[in-house]
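Protein sequences, first through last, are from chains A and B.
Going left to right, the first sequence walks through residues 5 to 236 as this note's numbering numbers them.
Going left to right, the second sequence walks through residues 1486 to 1674 as this note's numbering numbers them.
Note that CB positions come from ideal geometry on N, CA and C, so glycine has one too.
Predicted model, so just to flag it, every value in this text is computed and none were measured.
Since the structure comes first, as structure tokens, the remarks are kept for the end.
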Amino acid sequence: MNRGKDETVTAAGGRTRFEVQVAAKRRLASHTVEIRFQRPKGFAFSAGQKISVAHQGIHRDYTLVNSPQDAELAICVRGIAQGSLSLVLVAAKAGDRYHISPAFGHFLYHPCAQPAVFVATGTGIAPFVAFVHGGAKNFHLLHGVRSEAELYYRSLLSQAADHYTPCLSGEREKLPGDGENFYGRVTDFLEHRLPDGDYDFYLCGRGEMLRDATRIIDRRFDGSRLYSELFF
Amino acid sequence: MKVYTGTGDGGKTSLFSGERIAKTDARIEAYGDLDELNAVVGSVVAALPRHPDSQKLKAQLMNIQSTLFQVGALLATSPGSPAADQLVPIKAEQGRWLEERIDAMDARLVRLNAFIIPGGHPSAAWSHIARTVCRRVERRVVKLASAGAVIPDGLDALLIYLNRLSDYFFVLARFCNNLAGVADEPWQG
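Written out as structure tokens, the structure is:
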């Protein structure tokens, strides 16, 4: 990756950094925002890669959700009570400055003949948004959330996917008119609804989901490929 | 933050190219040994003697550790898989880079006229271990390659790199003893 003129090296650990300014912020759900940074000169990335955002000595990794061709860099942030950086970012204003790392990570989309199944929970949807901006198509997407309000990027994803299945783990049962919604966890869908076959599975979520989904895939879909990204 | 997910509890693991395979697979043996080699190189670094030349050696060894990650990704990827295009093959220059370092160290050592017993300064002892693990890695990779299981692009350069790397560790062991003022112990057999 080429160094751009906006790239700096921090005193702490000598890790390469870019200084970026918040260009815009939009609300995706009650505690979740998309933040767009001005893109530093020379900053390159592939759809699905992450950056580390730093503020006052705290670092956290976020997947870039926008197209690698965009003039900006976008991340999706959910403010969590124990996440001091996430709360700072959710409250960010245009013009605020942060340091970010170069893009890194290997969770990339590999188009191939086997049908792709993308499985996300919560803001683990981020790399799949990036995949869509990067041109991914012909995939089945399972997005596990508690309620419909957390189905970030629903319009974009449902238009790009062959099948888009919101998996709602809230308490109520499916009612007439609920359409494409599945009431249960993504792992319930994998266990009971996804037809037998060989797939390319892409998983992004917390460790428990990865563990449970992997066990199901090993048992039900032996012969499939599996790419996974642990989401902290 | 948990460092475990439990996705390998059933005895399978994922390749970089996505396939789920048994942990006893020859490919896993190969990059498991490569991981061991990388850890041993870390021990060589940690044991380097207090000497002005050690900073340069540390930089070389960290370069090697980085290359071993590159090799690991290659071994963890099936030839022809969609992920294979994402990887950077080993290049002939990387083997030549090792040869230059071997020659530079060797020029400062007395000529050998007997086998030497591995050991001496801790950094030399670790370097001999690195040499033997590297040979094991090389044998594993040759076996995988002969089964057509290694990405062919850059395979020759990879095999040369691993072969030179064990030579590098042999010379490095002697060089570390030299820096530490420890004489090589000739075999009296």
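Here Gly-209/A is not near Gly-83/A, since their CB atoms are 7 Å or more apart. With the criterion set as a beta carbon lying under 7 Å from some beta carbon of chain A, the members of the region 1555-1574 of chain B are Pro-1567, Ala-1568 and Gln-1571, in sequence order. Within the region 1494-1513 of chain B, the residues whose Cβ lies closer than 8 Å to some Cβ of chain A are Asp-1494, Gly-1495, Lys-1497, Ser-1499, Phe-1501, Ser-1502, Gly-1503, Glu-1504 and Arg-1505, listed in chain order. Under a criterion of Cβ atoms nearer than 9 Å, no residue of chain A is adjacent to Gly-1639/B; the nearest Cβ is some 18 Å distant.
Residues of the region 66-89 of chain A with a C-beta atom less than 8 Å from some C-beta of chain B do not occur. Taking the C-beta atoms as reference points, Leu-145/A is found nearer than 7 Å to Leu-161/A. Taking the C-beta atoms as reference points, Val-133/A is found no nearer than 7 Å to Tyr-203/A. When the five nearest sequence neighbours on each side are left out, the beta carbons in the same chain lying within less than 7 Å of the beta carbon of Glu-1504/B are those of Ser-1563, in order along the chain.
The way I'd put it, the region 1505-1521 of chain B does touch the region 222-236 of chain A; three or more beta-carbon pairs between them come closer than 8 Å. Here Ser-159/A is exposed: its Cβ has fewer than 16 other Cβ atoms, across all protein chains shown, within 10 Å. Look at Phe-225/A here: in three-state DSSP terms it is coil, with no helix or strand label.
Here the alpha carbons of Val-94/A and Phe-41/A stand approximately 13 Å from one another. When the Cα atoms are used, Ile-55/A and Phe-1554/B turn out to be separated by approximately 20 Å.
Shown here for Asp-1518/B: same chain residues with a beta carbon closer than 6 Å to its own, the five before and five after excluded, namely Arg-1621, Val-1622 and Arg-1625 in chain order. Going by DSSP, His-63/A is part of the beta strand (DSSP E) stretching over 62-67. Residues of chain A whose Cβ lies closer than 7 Å to the Cβ of Thr-1552/B do not exist, since the nearest Cβ in that chain is about 17 Å away. A Cβ-Cβ distance of about 4 Å is found for the pair Thr-67/A and Ala-130/A, placing them in contact under the 8 Å criterion.
By the Cβ-count criterion, Leu-1647/B is buried, with 16 or more other Cβ atoms from all chains shown falling within 10 Å of its own Cβ.
Within the region 89-116 of chain A, the complete beta strand (DSSP E) runs of at least 3 residues fall at 101-104. The CB of His-63/A never comes closer than 9 Å to any CB in chain B; the least such distance is about 12 Å.
Separation of Leu-207/A and Arg-30/A (C-alpha to C-alpha, rounded to the nearest whole angstrom) is 26 Å. The shortest C-alpha to C-alpha distance from Leu-1629/B to any of Val-1618/B, Leu-1643/B, Thr-1617/B and Arg-1616/B is the one to Leu-1643/B. Taking 7 Å as the cut-off between beta carbons, the residues of the region 197-211 of chain A near chain B are Asp-204 and Gly-211, in sequence order.
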